[in-house]
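Chains as they are written, first to last, in numbering that gives the first Met the number 0: chain A, 0 to 211; chain B, 0 to 211.
One structure is given here, and the rest of the page talks about it.
There are 2 protein chains.
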Amino acid sequence: MSTLWLRYPFVVNTVNTKPYHHGNLREEMVRIGVQLAAEGGPEAVSLRKIARRAGVSPSAAYRHFPGQDSLLGAVRHTAADALGRSMQDAVSQVAADAPAAERVIAAGRGYFEFALDRRMLFRCLASGFELPEQDSQDSPFARLLELVGGLEREALAVVDAAARFDAAVALWSAVHGISVLCTSGALRDVPPPRNRELLEVTLATAVRGLRF
Amino acid sequence: MSTLWLRYPFVVNTVNTKPYHHGNLREEMVRIGVQLAAEGGPEAVSLRKIARRAGVSPSAAYRHFPGQDSLLGAVRHTAADALGRSMQDAVSQVAADAPAAERVIAAGRGYFEFALDRRMLFRCLASGFELPEQDSQDSPFARLLELVGGLEREALAVVDAAARFDAAVALWSAVHGISVLCTSGALRDVPPPRNRELLEVTLATAVRGLRF
DNA sequence: TTGCCATGTGAACGATGTCTACATTGTGGC
DNA sequence: GCCACAATGTAGACATCGTTCACATGGCAA
Chain A
0 MSTLWLRYPF VVNTVNTKPY HHGNLREEMV RIGVQLAAEG GPEAVSLRKI
50 ARRAGVSPSA AYRHFPGQDS LLGAVRHTAA DALGRSMQDA VSQVAADAPA
100 AERVIAAGRG YFEFALDRRM LFRCLASGFE LPEQDSQDSP FARLLELVGG
150 LEREALAVVD AAARFDAAVA LWSAVHGISV LCTSGALRDV PPPRNRELLE
200 VTLATAVRGL RF
Chain B
0 MSTLWLRYPF VVNTVNTKPY HHGNLREEMV RIGVQLAAEG GPEAVSLRKI
50 ARRAGVSPSA AYRHFPGQDS LLGAVRHTAA DALGRSMQDA VSQVAADAPA
100 AERVIAAGRG YFEFALDRRM LFRCLASGFE LPEQDSQDSP FARLLELVGG
150 LEREALAVVD AAARFDAAVA LWSAVHGISV LCTSGALRDV PPPRNRELLE
200 VTLATAVRGL RF
């Protein structure tokens with residue numbers, strides 16, 4: 000009981016009168032931005048709407064972001080992390096003794112599943128003009144490069160070491176292309192067993208094409 | 000001389016006092032929209048700006064388009080036509096007796112060159128959520144399907160007839176993917192002999208991957 | 001306690017998409 | 001030739017948006 004009495008002023012402060020300072024507004028705005036992006040795509044990420052939902056004035060955003068582009072950039076960054084996680088999850092479910100090609104294909108599936116599962120967020124990501132993403136070691140592309148390296152070692156495909164980057168780009172292009180086409184492109188209405196078939200054909204073609 | 004005198008009132012009517020009715024405003028607005036898109040990408044296609052440049056009030060646009068989305072759609076349609084022309088030009092420059100694979104690769108090059116050459120317009124195209132494009136016979140994809148058919152006939156690749164569509168999708172994905180990556184994606188800063196190398200690797204990989 | 005610095009507010013500006021009521025023009029039926 | 005009607009364009013308003021600037025508030029360190 001006494002603890003309840005002691006907590007009373009705190010309750011008043013958070014429920015009836017909100018504090019002047021939010022606490023960590025930046026993270027909150029990014030969180031809401033991701034939510035808006037997931038609902039309505041990149042054009043739904045409005046600075047004013049985010050501020051409104053965060054219970055804050057529009058100009059408060061400018062204490063944390065130079066402008067809306069920066070906010071959208073932060074949202075994209077978060078989305079990119081989620082994409083990477085989706086890829087890694089898919090890869091990590093492949094048996095350790097499976098051939099390396101299986102891992103590459105699993106990464107592609109993870110990419111595609113993320114795109115289909117969270118179309119709007121993926122559209123937001125794909126519409127990005129700036130993707131610094133120079134986390135090098137942790138970026139999805141770096142991971143893909145590593146997987147291609149696995150292909151080399153197993154000689155499932157003969158890939159010249161200097162051309163590893165090129166091979167990764169070819170794979171990335173195919174996966175990104177089919178993902179865009181099936182989420183916001185000409186194939187976006189293809190229903191779901193068929194779109195997975197198209198993914199599989201595209202993946203198989205790309206991987207097979209790495210052999211000389 | 001007399002003809003000059005006869006034309007005089009007409010000159011006055013077009014220069015000093017503009018006519019109340021534009022003539023064919025719709026086409027003009029689409030033309031200006033394409034121009035704006037080519038300069039600043041899809042977000043630069045503003046209904047009001049187009050109306051201003053056309054010398055017309057903003058609400059006039061609503062006599063020809065239900066809304067801005069429709070206007071942007073018309074702009075995209077025009078851009079898509081240009082893309083198709085770029086592909087066809089590239090294909091038609093291949094010698095008639097060249098192997099069919101050459102034609103497929105040429106189509107991919109035409110696609111890519113359009114994307115690089117008119118980045119903003121291509122971004123506008125790629126950001127499109129709706130692409131009806133059910134012109135069937137004339138659409139770029141239909142043409143690609145035909146080219147893949149050529150591949151079958153020459154047995155350069157063994158493609159089951161029922162899987163021709165899938166093969167075309169795989170090719171399309173690779174070409175679209177590398178185009179997006181090199182224009183607005185992670186590879187957009189790769190300078191121009193290198194990005195063509197990446198294109199060639201991607202194209203070769205995709206075509207080679209169609210063999211079983 | 002005081003004063004500074006980070007953070008948030010309020011009002012304003014110009015721009016945008018869209019709507020409604022009204023103005024102008026070309027055209028087909030008498 | 002005239003006139004009503006449909007097509008087309010205008011003016012003004014509204015809500016929303018991104019952005020800025022002067023000011024308010026609060027935590028924290030000297």
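Each residue gets a CB set at the ideal place from its N, CA and C atoms; glycine is no exception.
TODO: Could you work out which residues of chain B lie near A:F140, taking near to mean beta carbons separated by less than 7 angstroms?
DONE: Under the 7 angstroms cutoff, chain B gives A185.
Open item on the list: For the alpha helix (DSSP H) containing B:P41, name the first residue and the last one.
Closed with: First-last for B:P41: undefined, no H or E at that position.
- [ ] Specify whether the stretch 190-204 of chain A and the stretch 184-200 of chain B touch according to this definition: at least 3 beta carbon pairs, one from each stretch, less than 8 angstroms apart.
- [x] Because the criterion of three Cβ pairs below 8 angstroms is not met, the stretch 190-204 of chain A and the stretch 184-200 of chain B do not touch.
- [ ] Can you pull the chain A residues whose beta carbon is under 9 angstroms from the beta carbon of B:L46, in chain order?
- [x] Near B:L46 there are no residues of chain A at all, since even the closest Cβ is about 15 angstroms away, more than 9 angstroms.
- [ ] Kindly indicate which residue of A:G148, A:V206 and A:H63 has the alpha-carbon position closest to the one of A:D159.
- [x] A:G148
- [ ] To the nearest angstrom, report how far apart B:A95 and B:A79 are at their CA atoms.
- [x] 26 angstroms
Task: CB of A:V179 within 9 angstroms of CB of B:G72, strictly - done: no
Open item on the list: Quick check on B:R212: buried or exposed, where buried means 16 or more other Cβ atoms within 10 Å of its Cβ?
Closed with: Given that chain B is displayed from residue 0 to residue 211, the structure contains no residue 212 of chain B and the question cannot be resolved.
Open item on the list: Ignoring anything shorter than 3 residues, give me the beta strand (DSSP E) runs that lie fully in the stretch 51-98 of chain B, in order along the chain.
Closed with: none
TODO: Assign B:D159 to one of three DSSP states: helix, strand, or coil.
DONE: coil
Open item on the list: Please classify B:A50 as buried or exposed, where buried requires at least 16 other C-beta atoms within 10 Å of its C-beta.
Closed with: buried
TODO: Round the Cβ separation of B:L24 and B:V55 to the nearest angstrom and send it over; I've been treating them as touching at under 8 angstroms.
DONE: 6 angstroms
Open item on the list: So, under 8 angstroms CB-CB, B:R122 and B:S183 are touching, yes? Tell me the CB distance rounded to an integer number of Å.
Closed with: 5 angstroms
- [ ] Compare the Cα-Cα distances from B:A105 to each of B:E112, B:A89 and B:G83 and report the closest residue.
- [x] Nearest C-alpha to B:A105: B:A89.
Open item on the list: Residues of the stretch 69-92 of chain B in Cβ contact with chain A at a cutoff of 9 angstroms, in chain order, please.
Closed with: none
Task: Reduced DSSP category for A:G208 - H, G, I as helix; E, B as strand; rest coil - done: Three-state DSSP puts A:G208 in coil, outside helix and strand.
Task: Alpha-carbon to alpha-carbon, A:D68 and B:A53 - done: Per the coordinates, the alpha-carbon of B:A53 lies some 30 angstroms from the alpha-carbon of A:D68.
Task: Cα-Cα separation, A:A169 to A:S58 - done: 44 angstroms
Task: 7 angstroms Cβ cut-off: residues of chain B touching A:A118 - done: Residue identity check: residue 118 of chain A is Arg in the sequence provided, not Ala. Those do not exist, as A:R118 stays about 10 angstroms from chain B at its closest Cβ, beyond 7 angstroms.
TODO: Could you tell me the boundaries of the alpha helix (DSSP H) in which B:R122 lies?
DONE: R118 to A125 is the extent of the alpha helix (DSSP H) around B:R122.
TODO: Please confirm whether A:A173 and B:A166 have their CB atoms less than 9 angstroms apart.
DONE: no
Open item on the list: For B:M119, tell me which candidate among B:F140, B:C181, B:K48 and B:R163 has the shortest Cα-Cα distance.
Closed with: B:C181
TODO: Whole angstroms is fine: what's the gap from A:M28's alpha carbon to B:A205's?
DONE: 42 angstroms
- [ ] Please determine, among B:L82, B:E38, B:Q34 and B:H63, the residue with the shortest C-alpha to C-alpha distance to B:G22.
- [x] It is B:H63 whose Cα lies nearest to the Cα of B:G22.
- [ ] Can you grab the Cα-Cα spacing for the pair A:E26 / A:G109, in whole Å?
- [x] 26 angstroms
Open item on the list: Beta-carbon within less than 8 angstroms of B:V189's beta-carbon, same chain only, minus the 5 sequence neighbours each way: which residues are those?
Closed with: C181 and L197
- [ ] Could you tell me the distance, in whole angstroms, from the CA atom of A:E145 to the CA atom of A:G107?
- [x] 14 angstroms
Open item on the list: What does the alpha-carbon distance come out to for the pair A:R142 and A:A100?
Closed with: Looking at the two C-alpha atoms, the distance is approximately 14 angstroms.
Task: Option nearest A:S138 by Cα separation, candidates A:W171, A:A114, A:A162 and A:R207 - done: Measuring from the Cα of A:S138, the nearest candidate turns out to be A:W171.
Task: Minimum Cβ-Cβ distance from B:G127 to chain A less than 9 angstroms - done: yes
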